[in-house]
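Engineer:
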Ligand code: HEC
Ligand code: HEC
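Residue numbers (our numbering): 6 to 356.
Written as structure tokens, this is what we have:
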């Protein structure tokens with residue numbers, strides 16, 4: 006079945022007022038400073054990108070500090086893998102923007118997997134998971150990599166038994182999940198709760214959105230106006246986390262069918278992948294589901310070129326005539342989305 010989001014066309018432009026300001030910028034009479042109008046357009050868009058005040062937790066797995074602490078232990082514990090050598094953090098490493106810095110993930114027995122490890126930053130706001138959206142919740146997602154032969158290669162029955170032999174875990178599970186103890190479901194709930202607390206820290210862009218005019222350069226402000234306007238990036242990278250949580254073919258040469266494999270017959274979903282958020286982007290190279298682009302410059306040049314023409318290519322993907330200074334402004338803006346890394350203290354694991 007099609008998800009609702011996929012029936013809906015993404016909103017091509019932000020606020021009408023902002024579109025008006027941008028049109029004014031594009032139609033500016035000769036001699037008029039178009040840069041000034043771009044700065045005015047940037048003002049009009051910025052409210053759409055304000056950080057949310059709190060993290061959403063689902064009703065059937067509410068936040069508790071004990072559950073976060075337990076989930077964090079499990080996230081960093083290599084004993085969750087068949088070899089006892091890989092943890093979630095082996096691939097989703099805070100130091101690499103919660104990815105692994107590799108073009109393609111490397112799992113159990115050094116197997117190279119088919120796709121790049123995505124970040125888990127801001128997963129609390131995710132509507133589907135994996136590049137092709139095949140998991141509906143973080144709870145459902147968490148048990149996937151543990152069992153996948155190519156990833157952590159650990160069967161759940163033996164894992165429950167193994168954790169049950171570690172006295173510290175028995176006590177912590179009982180405290181977080183009274184009368185339930187250690188089960189695949191409680192393992193998944195604890196890990197998912199910890200993941201929801203992994204939120205990108207405040208970036209210079211946020212300081213500007215919240216009123217500090219000096220937090221980002223004029224070049225970055227013009228780049229933000231282009232991102233919303235002429236460059237059409239917000240057709241897909243919308244909202245504070247810069248994703249519409251939907252699936253698009255942006256014309257990469259990879260023959261991976263993405264979302265199309267799960268919903269065959271829907272042309273627009275062939276080669277369509279989930280729009281990644283753009284927070285902490287500078288720490289997350291290489292880019293794309295196949296890790297095919299090493300730098301943000303390469304990504305922007307892909308959008309300037311417009312991608313491979315094929316029936317599934319998104320209608321929003323068209324060659325983008327950016328001047329050298331517009332390209333530089335767009336890059337300056339993307340650079341403002343990376344904040345200082347919030348310190349991560351590794352937990353002492355129970356024995
Ligand atoms: C061997 C490397 C590896 C390990 C270990 C691993 N992952 Fe992943 N993870 C990946 C890859 C690769 C994907 C994308 C797969 C795809 O889309 O088909 C992914 C996807 C995800 C996603 C989806 C993110 C999104 O935005 O859609 C989440 C969440 C996640 N992993 C959490 C975990 C958790 C929790 C663990 C530990 C239980 C874990 N991963 C272990 C490589 C790994
Ligand atoms: C039609 C929707 C769409 C438009 C328009 C769009 N993007 Fe994307 N973007 C995506 C999707 C989908 C991906 C992931 C594609 C893949 O891996 O196959 C992506 C990937 C990216 C990435 C890599 C992120 C990562 O973690 O790998 C960056 C950076 C990016 N886009 C920036 C931009 C910029 C800048 C613009 C405007 C010039 C733009 N995008 C326009 C949908 C879009």
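Glycine is no exception: its CB is placed at the ideal position from the N, C-alpha and C atoms.
Using alpha carbons as the reference points, say which of 341, 206, 144 and 348 lies closest to residue 64.
Structural biologist: Of 341, 206, 144 and 348, the residue nearest in Cα terms is 144.
Engineer: If we require 4 or more residues per run, which alpha helix (DSSP H) segments fall completely within the segment 68-100?
Structural biologist: Within the segment 68-100, the complete alpha helix (DSSP H) runs of at least 4 residues are 70-81 and 93-96.
Engineer: Rounded to a whole number of angstroms, what is the C-alpha to C-alpha distance between residue 36 and residue 123?
Structural biologist: Interpretation of residue 36 is limited by its pLDDT of 36, a score under 50 that renders its predicted location unreliable; the figure taken from the coordinates is listed afterwards. So the two alpha carbons sit approximately 46 Å from each other.
Engineer: Cα separation between residue 53 and residue 265?
Structural biologist: Looking at the two C-alpha atoms, the distance is approximately 30 Å.
Engineer: Quick one: any contact between the segment 134-152 and the segment 189-202, if contact means 3 or more CB pairs under 8 Å?
Structural biologist: Yes: the two stretches touch, three or more of their Cβ pairs being nearer than 8 Å.
Engineer: For residue 117, write down the residues that DSSP places opposite it in a beta bridge.
Structural biologist: Residue 117 pairs with 111.
Engineer: Cβ of residue 367 versus every heavy atom of ligand 2: is any distance shorter than 8 Å?
Structural biologist: The shown model of the chain, from 6 to 356, leaves out residue 367, and the question about it has no answer.
Engineer: Can you check which of these residues, 77, 152 and 281, is closest to residue 203 by C-alpha distance?
Structural biologist: Comparing Cα positions, the closest option is 77.
Engineer: At a cut-off of 8 Å, would you count residue 278 as near ligand 2, judging by its Cβ distance to the nearest heavy atom?
Structural biologist: It does: the Cβ of residue 278 is within 8 Å (strictly closer) of some heavy atom of ligand 2.
Engineer: Once you ignore the five residues that flank residue 116 on each side, which residues in its own chain have a CB closer than 7 Å to its CB?
Structural biologist: 155.
Engineer: Under 6 Å Cβ to Cβ from residue 209, same chain only, skipping five residues before and after it: list those, please.
Structural biologist: Once the five neighbours on either side are set aside, the close Cβ partners of residue 209 are 220, 221 and 341.
Engineer: How big is the Cα-Cα spacing for residue 106 and residue 303?
Structural biologist: Cα to Cα, the separation comes out at about 16 Å.
Engineer: Within 8 Å: the Cβ of residue 133 and any heavy atom of ligand 1?
Structural biologist: Yes, ligand 1 has a heavy atom inside 8 Å of this Cβ.
Engineer: Whose C-beta lies closer than 7 Å to the C-beta of residue 182 among residues of the same chain, with five residues either side of it excluded?
Structural biologist: Hits under 7 Å: 191.
Engineer: Within a Cβ cutoff of 6 Å, which residues of the same chain sit near residue 243, ignoring the five residues on either side of it in sequence?
Structural biologist: Taken in chain order, the residues that qualify are 249.
Engineer: Taking only runs that begin and end inside the segment 128-194, name each unbroken beta strand (DSSP E) of 3 or more residues, in chain order.
Structural biologist: Those beta strand (DSSP E) runs which fall completely within the segment 128-194 and span 3+ residues do not exist here.
Engineer: Using a Cβ distance threshold of 8 Å, determine whether the segment 312-325 contacts the segment 279-294, with at least three qualifying pairs required.
Structural biologist: With the cut-off at 8 Å, the segment 312-325 and the segment 279-294 do not touch.
Engineer: Comparing C-alpha positions only, which one of 223, 71, 218 and 241 sits nearest to residue 334?
Structural biologist: Looking at the Cα atoms, 223 is the closest of the given residues.
Engineer: Quick check: what's the CA-CA separation for residue 298 versus residue 255?
Structural biologist: When rounded, the distance between both Cα atoms is 13 Å.
Engineer: Could you round the C-beta distance between residue 277 and residue 180 to whole angstroms and report it? I think they count as a contact, below 8 Å.
Structural biologist: That belief does not hold up - the Cβ atoms of residue 277 and residue 180 are roughly 43 Å apart, past 8 Å.
Engineer: Sorry if obvious, but does the Cβ on residue 50 come closer than 8 Å to a heavy atom of ligand 2?
Structural biologist: Incorrect: residue 50 has no Cβ contact closer than 8 Å to ligand 2.
Engineer: Give a yes or no on whether the C-beta atoms belonging to residue 228 and residue 331 are separated by under 9 Å.
Structural biologist: Yes.
Engineer: Is residue 146 near ligand 1, in the sense that its beta carbon is under 8 Å from a heavy atom of that ligand?
Structural biologist: Yes, ligand 1 has a heavy atom inside 8 Å of this Cβ.
Engineer: What's the gap between the Cα of residue 62 and the Cα of residue 39?
Structural biologist: Roughly 44 Å between the two C-alpha positions.
Engineer: Could you have a look at residue 307 and say whether DSSP puts it in helix, strand or coil?
Structural biologist: Helix, per DSSP.
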